[in-house]
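A quick write-up on the structure given underneath.
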Amino acid sequence: GENVEQHPSTLSVQEGDSAVIKCTYSDSASNYFPWYKQELGKRPQLIIDIRSNVGEKKDQRIAVTLNKTAKHFSLHITETQPEDSAVYFCAALGVFGPGTSLSVIP
Amino acid sequence: DTGVSQDPRHKITKRGQNVTFRCDPISEHNRLYWYRQTLGQGPEFLTYFQNEAQLEKSRLLSDRFSAERPKGSFSTLEIQRTEQGDSAMYLCASSLVWQGVQGTEAFFGQGTRLTVV
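Sequence order for the protein chains is A and B. Read left to right, the first sequence gives residues 770 to 875 (the numbering used here). Read left to right, the second sequence gives residues 124 to 240 (the numbering used here).
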């Protein structure tokens, strides 16, 4: 089955700086790669996703890049804000990574 | 409410008892997932359905766990002979997946928090 890993597990950045979270997966058959954000006490919600036919997708301050050969994809958040503080999960074939706790320091 | 709903929101049970949770997905969604989440961890995949068919079940899932989706609409997750280690948040998610597409956005319910005492 699919195995998904994320790095780092925790990340602290100053407000306004960029944050990058990397996700690796094992199953080369995976072709849909979402990122979810989960705030404390709330359910996970999709923030961006990418399919294997493109290498990059951007939505305002959030972008995702995909390297299918290396089987990894990354979440990029620019101009971070305190409200970006949350746990971020990547997923492949319905399997979620262990999460990255992002703290944005005002 | 047109989102994914789960019932109950909280369940406290004694060790050894059976519990059943219900998930009502978004009505037009054909795929339904069950996950378990403990504090500080990511959602752990348990099983998923495509319409009424259970297509995959985690190898880590004990045979005390069983799930059904009899008419391809709502789903139930039953845990028999509960153990303290079963205490967790049980999340349901649904999505609409069409032929040739591996996945789309999954919408999560608010979860059922199980406490086994």
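Using N, Cα and C, we set each Cβ at its ideal position, and we do this for glycine too.
Worksheet item: Could you give the uninterrupted runs of the alpha helix (DSSP H) lying entirely in the segment 797 to 834 of chain A, keeping only those of 4 residues or more?
Response: Given a length threshold of 4 residues, the segment 797 to 834 of chain A has no whole run of the alpha helix (DSSP H) inside it.
Discussion item. Whether or not the segment 225 to 235 of chain B and the segment 182 to 194 of chain B are in contact is what I'm after, with contact meaning three or more pairs of Cβ atoms, one per stretch, closer than 8 Å; do they touch?
Written reply: At 8 Å Cβ cutoff, the stretches do not touch.
Worksheet item: If you draw a straight line from the alpha carbon of VAL758 (chain A) to that of SER870 (chain A), how long is it in whole angstroms?
Response: Outside the shown range of chain A (770 to 875) lies residue 758 (chain A), about which nothing can therefore be said.
Worksheet item: Can you find a C-beta in chain A that's less than 9 Å from the C-beta of GLN233 (chain B)?
Response: Closer than 9 Å to some Cβ of chain A, the Cβ of GLN233 (chain B) qualifies, so yes.
Worksheet entry | Option in B:ARG159, B:CYS146, B:HIS133 and B:THR125 with minimal Cα separation from ASP209 (chain B) | Of the listed residues, the one whose Cα sits closest to ASP209 (chain B) is B:ARG159.
Item to complete: Leaving out five residues on either side along the sequence, give the residues of the same chain with a beta carbon under 6 Å from the beta carbon of LEU200 (chain B).
Response: Closer than 6 Å at the Cβ level, and outside the excluded window around LEU200 (chain B), lie PHE144, TRP157 and ALA190.
Discussion item. I'd like to know if GLU206 (chain B) contacts chain A, where contact means its C-beta is closer than 9 Å to some C-beta of that chain.
Written reply: For GLU206 (chain B), no Cβ of chain A is located within less than 9 Å of the residue's own Cβ.
Worksheet item: Would the beta-carbon of GLU197 (chain B) fall within 9 Å of that of PRO148 (chain B)?
Response: A small correction: the amino acid at residue 197 (chain B) is Phe; Glu does not occupy that position in the sequence shown. Taking a C-beta distance under 9 Å as the contact criterion, PHE197 (chain B) and PRO148 (chain B) qualify as a contact pair.
Worksheet entry | Simplified DSSP state of GLN173 (chain B), which is helix, strand or coil | Strand at GLN173 (chain B).
Worksheet entry | Segment contact flag, the segment 211 to 227 of chain B with the segment 779 to 795 of chain A, C-beta cutoff 8 Å, min 3 pairs | The segment 211 to 227 of chain B makes no contact with the segment 779 to 795 of chain A; the number of CB pairs closer than 8 Å stays below 3.
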